[in-house]
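4 protein chains.
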Amino acid sequence: MPKNDGDITKERILKAAEKLFSEEGFDGTSMDKIAKDVGINKGSIYYHFKDKNDIMASLFKKILSDMYEHVDYISRPMKERLEDKIKREIQYLSDKKRILSILFMETLKSGNNTDYFIQCLEVMIKKELDSTLKNGNVGELIEEDLEKYIVYEFFTGMMPIISFIMLKDKWCEYFKYDEKKLFEHFMEAFVNSHLKAHKFNK
Amino acid sequence: MPKNDGDITKERILKAAEKLFSEEGFDGTSMDKIAKDVGINKGSIYYHFKDKNDIMASLFKKILSDMYEHVDYISRPMKERLEDKIKREIQYLSDKKRILSILFMETLKSGNNTDYFIQCLEVMIKKELDSTLKNGNVGELIEEDLEKYIVYEFFTGMMPIISFIMLKDKWCEYFKYDEKKLFEHFMEAFVNSHLKAHKFNK
Amino acid sequence: MPKNDGDITKERILKAAEKLFSEEGFDGTSMDKIAKDVGINKGSIYYHFKDKNDIMASLFKKILSDMYEHVDYISRPMKERLEDKIKREIQYLSDKKRILSILFMETLKSGNNTDYFIQCLEVMIKKELDSTLKNGNVGELIEEDLEKYIVYEFFTGMMPIISFIMLKDKWCEYFKYDEKKLFEHFMEAFVNSHLKAHKFNK
Amino acid sequence: MPKNDGDITKERILKAAEKLFSEEGFDGTSMDKIAKDVGINKGSIYYHFKDKNDIMASLFKKILSDMYEHVDYISRPMKERLEDKIKREIQYLSDKKRILSILFMETLKSGNNTDYFIQCLEVMIKKELDSTLKNGNVGELIEEDLEKYIVYEFFTGMMPIISFIMLKDKWCEYFKYDEKKLFEHFMEAFVNSHLKAHKFNK
DNA sequence: CATGAATGAGCATTCATTCAT
DNA sequence: GATGAATGAATGCTCATTCAT
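Protein chains in written order, with our numbering: chain W, 347 to 548; chain P, 347 to 548; chain F, 347 to 548; chain D, 347 to 548.
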């Protein structure tokens with residue numbers, strides 16, 4: 347939480363950077379644009395951040411610690427339908443849409459060594475698994491099962507949800523969907539997942 | 347098919363651009379780098395392409411027509427296990443890894459109007475559906491069902507596969523997996539999809 | 347002599363500036379670097395000095411008054427071998443190596459009007475001459491002789507010594523000399539000076 | 347020798363850089379100033395030179411090869427008074443005044459690893475020695491004598507001359523000398539060198 | 001005395017693009 | 001078809017300096 351002028355400015359720079367990076371990509375966003383968006387001098391950014399990458403790293407740190415807190419909160423023991431839990435999850439991640447898009451874009455570049463996006467989802471999956479285990483919903487997991495679980499959650503659980511969140515707007519515009527319809531279709535698809543449905547058809 | 351020197355150069359520019367865009371992103375790749383990679387003069391690129399966006403558009407056109415051809419080929423009627431079909435699909439898409447990453451990165455930017463990635467997957471899904479219908483595996487589809495089908499295939503079918511392909515290398519490095527193990531885990535997860543497995547656990 | 351905190355800080359700034367200017371040149375040294383080196387806030391420098399040039403001017407003033415004091419001290423009447431006197435001179439100037447380098451660099455720029463270095467050596471030469479005259483070693487000097495004397499002392503006396511001091515380290519590294527050998531060679535060369543030796547060879 | 351437009355531009359950049367570096371120092375000269383002085387676009391400089399240091403390095407290379415050629419020319423066997431030879435030498439070096447000042451300034455910075463100036467004078471001294479030896483003026487030189495000779499020539503021969511050349515203008519302005527008088531005084535001092543004169547006084 | 005924060009001009013360098021040859 | 005040379009705008013970043021606290 348910002349306490350003085352400097353911290354407030356820093357926060358505003360991060361907010362502007364998050365917006366602009368998600369709109370134009372990291373490389374497509376100039377320090378000039380960020381400064382203009384915040385309404386400060388370009389040089390001032392360098393008072394608060396070492397360089398452009400430092401802004402990126404700060405955004406990453408922020409979302410990571412946010413996710414730590416979030417998972418603690420969301421996974422208290424409660425009797426809740428799985429579907430409702432997923433809806434809440436989607437809600438939470440929707441608020442992180444921008445930063446998730448940024449992290450994904452960066453992680454997709456094969457030429458750098460950033461695995462921001464993978465780290466981020468790893469945190470979510472592991473934290474959630476931890477709390478599930480604590481609640482006694484399942485027994486202990488052996489190492490191989492853990493690996494399988496992470497792969498499974500990542501690619502067939504998280505990826506559908508996060509790509510839905512990231513592409514929702516463009517999808518609606520491209521296919522002339524309204525958002526509500528897409529959401530319902532997606533939920534049906536997700537619950538009633540892929541190959542399972544295939545089997546029913548045959 | 348390139349016929350003369352000019353076409354060959356054009357092809358080489360596209361190949362270099364595809365490599366570099368996927369490594370550093372579109373904005374992170376300069377015309378200079380492309381020219382150097384091809385081994386030609388920077389100005390020459392402008393003989394073959396109007397501007398940088400034109401290179402991008404050409405890459406998009408190429409993958410789109412490639413997908414048209416591919417789907418015609420892959421979906422001939424044959425008795426094949428679903429799992430094997432998926433493996434072939436993954437194989438095909440793996441060869442397109444670079445361009446898919448590029449298109450995805452661009453589509454993630456909310457500030458431009460490119461929906462390259464969505465268009466691309468739409469083609470794949472629709473072409474495949476067409477051929478499935480022709481083969482008489484299912485009856486006619488009403489409009490709403492078609493929409494649901496596309497959403498379903500896109501987010502819970504294609505997205506897991508494509509994100510697996512795009513993130514495979516970074517995943518293996520980050521988690522110290524070998525490729526084979528990841529592939530097996532992924533296949534198991536994908537076949538045995540998400541919520542279905544959840545049900546089995548309880 | 348620094349008396350309170352403020353003066354101490356001022357002294358520390360000068361010390362840091364002297365070090366950094368001699369390492370990277372005046373233009374190559376930023377106020378930031380100086381502040382960081384001193385361990386104070388950049389703004390604080392401006393409490394003690396009007397601007398960057400003021401730091402330079404202060405360094406110059408300091409060395410000038412130091413030289414006044416030094417010459418008074420060194421040139422008391424004593425029976426000392428010329429060679430020993432020169433050695434003492436070299437010793438004294440070695441301690442001023444940094445500031446002499448800085449002043450020389452600045453004076454070499456033809457585009458500004460600084461003649462720091464010339465002034466500095468003028469003081470040394472004149473003070474020494476004064477004391478020599480007082481000691482009655484020579485008679486009165488007419489104006490033209492004074493001019494000749496200064497030219498002579500400056501270019502064939504001071505310049506060899508000072509360039510030896512300024513270039514010593516780089517020379518040793520470049521030619522793989524050890525410092526002692528260079529010093530001996532230099533002393534021999536200096537005592538046994540240039541054209542004289544030429545004559546002996548023939 | 348420049349053959350086409352590009353080479354001419356390159357040559358003009360070098361000329362402007364030499365002038366500006368000598369006026370304001372390397373760090374004090376911006377690429378902007380150079381471009382403006384040449385009358386070209388700033389970006390164009392980067393077509394011809396990798397970066398600012400590359401310009402510096404090119405200037406250094408140029409003077410070095412110029413010196414190689416010069417010494418070959420100047421040291422043909424001839425019966426010439428030493429004094430006249432020195433005058434010719436001074437004449438030659440006067441034309442190199444700018445670049446010598448630049449190289450000296452850079453070499454004076456202890457923080458970088460450039461020994462441009464030392465290398466430069468080493469070439470002059472060694473080439474001249476070579477030709478002197480060939481002319482049979484002296485016998486063979488053993489290693490230690492060579493070292494002594496270089497030290498001797500460098501500090502008591504070259505340094506007075508080059509500092510005279512570099513400081514001449516400022517000296518005349520500061521002391522209100524006219525150039526001719528300074529030259530005569532310097533020649534007298536140089537011929538009649540330092541300690542020798544001291545001895546005569548006593 | 002000293003700091004944190006800011007400013008605007010300037011820095012070296014790179015960019016996409018153009019065009020005569 | 002391709003090259004060498006150039007351009008002007010923009011890039012990320014640093015500069016000396018200021019000032020309220």
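Glycine residues also receive a C-beta, built at the ideal position from the N, C-alpha and C atoms.
Proximity below 9 Å, CB of residue i to CB of residue j
i               : j               : result
I496 of chain W : K480 of chain W : no
G371 of chain F : D373 of chain D : yes
L467 of chain W : F500 of chain W : yes
F536 of chain F : I511 of chain F : no
S368 of chain D : K443 of chain D : yes
F521 of chain W : Y462 of chain W : no
M451 of chain P : M533 of chain W : no
K514 of chain W : L492 of chain W : no
H531 of chain P : Y498 of chain W : yes
D378 of chain F : K365 of chain F : no
V417 of chain D : E490 of chain D : no
M504 of chain D : M470 of chain D : yes
S509 of chain F : S509 of chain D : yes
Amino acids of chain P, ordered along the chain, whose beta-carbon sits closer than 9 Å to that of residue i
i               : result
H339 of chain W : Here chain W covers residues 347 to 548 and nothing more, so residue 339 of chain W does not appear.
Under the three-state DSSP convention, the category residue i falls into
i               : result
W358 of chain W : The question names Trp, but residue 358 of chain W is Arg in the sequence shown. Helix.
G309 of chain D : In the structure as shown, chain D begins at 347 and stops at 548. Residue 309 of chain D is therefore absent and cannot be evaluated.
P348 of chain D : With a pLDDT of only 42 at P348 of chain D, under 50, the local geometry of the prediction cannot be trusted, and the value read off the model is given with reservation. It is coil, neither helix nor strand.
S539 of chain F : coil
K365 of chain D : helix
T502 of chain P : helix
L405 of chain F : helix
N547 of chain F : Unreliable positioning characterises N547 of chain F in this predicted model, as indicated by a pLDDT of 37, which lies under 50. A coordinate reading is not provided.
D397 of chain W : coil
I507 of chain W : helix
Y495 of chain F : helix
T478 of chain P : helix
Y520 of chain D : helix
L353 of chain D : In the sequence as presented, Leu is not what sits at residue 353 of chain D; that position holds Asp. Helix.
I488 of chain W : coil
D383 of chain F : helix
D515 of chain P : helix
E530 of chain F : helix
S411 of chain P : helix
D373 of chain W : coil
Under 8 Å from the C-beta of residue i: neighbouring residues of chain F
i               : result
K494 of chain D : H531, E534, A535
S509 of chain D : F501, M505, S509
Supposed close pair residue i, residue j - CB separation, criterion 8 Å
i               : j               : result
T502 of chain P : S411 of chain W : Between S411 of chain W and T502 of chain P the Cβ distance is about 30 Å, and since that is not below 8 Å, they are no contact.
I445 of chain D : T453 of chain D : I445 of chain D to T453 of chain D, Cβ: 12 Å. No contact.
I401 of chain P : I359 of chain P : 7 Å
I380 of chain W : A363 of chain W : 5 Å
Per-residue contacts from residue i into chain P (C-beta, under 8 Å)
i               : result
T502 of chain W : T502, P506, A535, F536, S539, H540
L528 of chain W : V497
Chain-ordered neighbours of residue i on chain W, where CB pairs are closer than 7 Å
i               : result
K407 of chain P : Neighbours of K407 of chain P on chain W: none; closest Cβ ~18 Å, over 7 Å.
Under 9 Å by beta carbon: chain D residues contacting residue i
i               : result
E426 of chain F : Here the premise fails: no neighbours, minimum Cβ distance about 13 Å.
P461 of chain F : In the sequence on display, residue 461 of chain F carries Asp and not Pro. Here the neighbours are L513, K516, W517, E519, Y520.
L439 of chain F : None at all; the shortest Cβ gap to chain D is about 14 Å.
Partners in chain W for residue i, counting only beta-carbon separations shorter than 8 Å
i               : result
L410 of chain P : What L410 of chain P touches in chain W: nothing, since even the nearest Cβ is about 15 Å away.
Residue i: contacting residues in chain F (beta-carbon distance under 7 Å)
i               : result
D373 of chain D : G371, D373, G374
I464 of chain D : L513, K516, W517, Y520
L454 of chain D : S447, F450, M451, M512
Closer than 9 Å at the beta carbon, the chain F residues around residue i
i               : result
Y498 of chain D : H531, F532, E534, A535, F536, N538, S539, H540, A543
Residues that residue i contacts on chain D, provided the C-beta gap is smaller than 7 Å
i               : result
S368 of chain F : S456
| field | Completely contained beta strand (DSSP E) runs for the stretch 413-473 of chain F, where each covers 3 or more residues | value | Runs of the beta strand (DSSP E) inside the stretch 413-473 of chain F: none found.
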